[in-house]
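The structure appears right after this line, and notes come after that.
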Amino acid sequence: MVYIIALLSVIFLGLAAMVVSKMGTVVKNANGPSVEGQIGMSNRINGAMFMIFFIVGLIGAIWSFMYARQFFLPEASSPHGRRTDNLFWISMAMITVAFVITNALLFFFAWKYQHKEGRKAAYYPENHKLELIWTIVPAVIMAVMVFTGWRAWRDIMAEAPANAQVFEIVGKQFNWIVRYPGVDNNKLGSYNYKLIDNNNDTGIDYTDEASFDDFTSTSELHIPANKPVLLKIRARDVLHSVFIPHLRVKMDAVPGMPTRFWFIADKTTDEMRNITGNPDFGYEIACTEVCGQGHFSMRIRLIVEDEASWAAWCKQQKPLLTSTPELATRIPANLKAKAAKYLPADATAAPADSSTASLPKTGGVTTAVAKLR
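According to the working numbering, the stretch in the sequence shown is residues 16 to 388, in order.
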């Protein structure tokens, strides 16, 4: 490939030098009588080169596309991904056809209507019918493309189905933290960024009893296949971006502004290994926002499995409250009895007045403030 590019560069440099030298002859004779042999030869060479350039360029573009296909992502592993892929390729096909036709005419006219002695250009001032055609047809095509794209975006960004499985993913410099709803209530508890510390990376609010069985992971996200999944997305520090290429999922993680994205993964990790023929295939979640020096390390494995296997894996996980009993100090006195089942037998909790007090919840998020002594 490098040699082909180098060869083409040498050829075009030579042609450019030849054109420059011919332009000198044209400029020299601009105010005097034309020299038929010189001008005619220049036009014939330039006209021929227009056609050669178009044909070689078209062949090169086709070859480049066919060669690059091996590096394309496989078919999307989600319904919305296949829908967006179809829209993309339809748009690309329409644009490519228009590009080839217009440029074919451009290069062909340059060759066909090159200068000839005694021939005068025809004066064609206007044609209302032609102008209407080349204005209305592209306008209709563009309107259809915009409308279909808007419909797809509307459906993709609609509210998640009521039966969607909810997860939370939090970006920070420089890794992802995933929070799962516990197996007891399958409900994510509230959070508050003011509660974030070394033991509580995502700011889980333990004044909400739904948080007691929540557990976290920084190495992988397990989701069930063929079931709606709702990702609740936020960032702890700077702008990040959640990207799951094989599922065609991409959404920014913005500090102070939670976002979301829901999808259905309909191909398990094992199925994709069979489809791709790669036994080491694995989905991954990456960050596509340059978020700092360690941006390259922001990746986490995504495991898509059947619902039974996913449920069994979840039951094996320990709530964050179990693995970090120090968090029990944040549980209000009236909820300590309910939290006791998640705490080790020897865990001790601080008095209630040393924990955080909660204010009324707004939008599902509890605002907590530390009591001042």
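Using N, Cα and C, we set each Cβ at its ideal position, and we do this for glycine too.
Taking C-beta to C-beta, are Ala179 and Pro273 nearer than 8 Å? No; because the gap between Cβ atoms is not below 8 Å, this pair is not in contact.
DSSP on Gln331, reduced to helix/strand/coil? helix
Secondary structure of His310, DSSP reduced to three states: helix
Going by beta-carbon coordinates alone, are Arg288 and Leu245 separated by less than 8 Å? no
Hey, could you find the ends of the beta strand (DSSP E) Leu246 is sitting in? 243-250
If we ignore side chains and look at the alpha-carbon of each, how far apart do Gly59 and Phe123 end up? Per the sequence shown, residue 59 should be read as Arg rather than Gly. Rounded to whole angstroms, Arg59 to Phe123 spans 13 Å at the Cα level.
For Gly52, name the three-state secondary structure that DSSP assigns. A caution first: Gly52 carries a pLDDT of 49, below 50, which makes its placement in the model unreliable, though a value can still be read off. Helix.
Helix, strand or coil: how does DSSP classify Ile26 here? helix
In angstroms, rounded to a whole number, what distance separates the CA positions of Ile141 and Leu147? The sequence given here has Glu at residue 141, not Ile. Each residue's alpha carbon lies about 11 Å from the other.
Quick one: what's Gln180 bridged to in DSSP? Val244
Beta-carbon contacts of Glu320 that lie in its chain and below 6 Å, excluding the five residues immediately before and after: Thr283
Using the three-state DSSP reduction, which class does Asp281 fall into: helix, strand or coil? coil
So, at 8 Å on beta carbons, what are the nonlocal neighbours of Pro270 in its own chain, with the 5 sequence-adjacent residues on each side left out? Arg249, Ala250, Arg251, Asp252, Val253, Leu254
Per DSSP, what are the beta-bridge partners of Leu317 in this structure? Paired residues: Leu236, Tyr298.
Alpha helix (DSSP H) segment containing Lys127, residue limits: Per DSSP, Lys127 belongs to the alpha helix (DSSP H) from 94-127.
Taking buried to mean at least 16 other C-beta atoms within 10 Å of its own C-beta, is Arg84 buried or exposed? exposed
Measuring straight from C-alpha to C-alpha, what distance separates Gln129 and Met160? When rounded, the distance between both Cα atoms is 38 Å.
Can you give the Cα-Cα distance for Asn215 and Leu342, rounded to whole angstroms? 8 Å
Compare the Cα-Cα distances from Glu183 to each of Trp165, Ala268, Thr163, Gly29 and report the closest residue. Ala268
Contact check, Thr337 vs Leu358, beta carbons under 8 Å: yes
Just tell me which of Pro340, Leu335, Ala354 has its CA closest to the CA of Ile192. Leu335
My output table needs one value for Leu387: the three-state DSSP class, helix, strand or coil. Residue confidence is low: Leu387 scores 27 on pLDDT, short of 50, so the model does not pin down where it sits. No coordinate-derived value is stated.
Excluding the 5 residues preceding and the 5 following Pro94 in the sequence, name in chain order all residues of the same chain whose CB lies nearer than 7 Å to its CB. Result list for Pro94: Ile279, Asp281, in chain order.
Tell me which residue opens and which closes the beta strand (DSSP E) that Ala352 is part of. Premise fails: Ala352 lies in the alpha helix (DSSP H), 351-354, not in any beta strand (DSSP E).
Mind checking Val264: buried by the 16 CB within 10 Å criterion, or exposed? buried
Name the two residues that bound the continuous beta strand (DSSP E) containing Arg169. It is not in any beta strand (DSSP E) - Arg169 instead sits in the alpha helix (DSSP H) that spans 143-171.
C-alpha distance - Met313 paired with Thr291, whole-angstrom precision: 24 Å
Only counting the same chain, and skipping five residues up and downstream in sequence, which positions put a Cβ closer than 7 Å to that of Ala167? Arg98, Thr99, Leu102
Where does the unbroken beta strand (DSSP E) through Arg345 begin, and where does it stop? Annotation: Arg345 is outside any beta strand (DSSP E) and is labelled neither H nor E by DSSP.
Could you check what DSSP says for Ala175 in three-state terms: helix, strand or coil? Looking at Ala175 - three-state DSSP - the assignment turns out to be coil, as it is neither helix nor strand.
Taking the Cβ atom as the reference point for each residue, do Gly204 and Asp223 lie within a distance shorter than 8 Å? yes
Candidates Met107, Trp126, Ala355, of which the one nearest Ser57 by Cα: Trp126
Pairwise C-alpha distance: Gly186 and Val305: 12 Å
Where the beta strand (DSSP E) containing Pro134 begins and where it ends: With the sequence shown as reference, residue 134 is identified as Arg, and Pro is not the correct amino acid for it. Here Arg134 belongs to no beta strand (DSSP E), and DSSP marks it neither H nor E.
Considering only the alpha carbon of each residue, which of Ala225, Ser232, Phe114 lies closest to Lys202? Ala225
Reference Tyr195, options Ile156, Glu235, Met157, closest by Cα: Glu235
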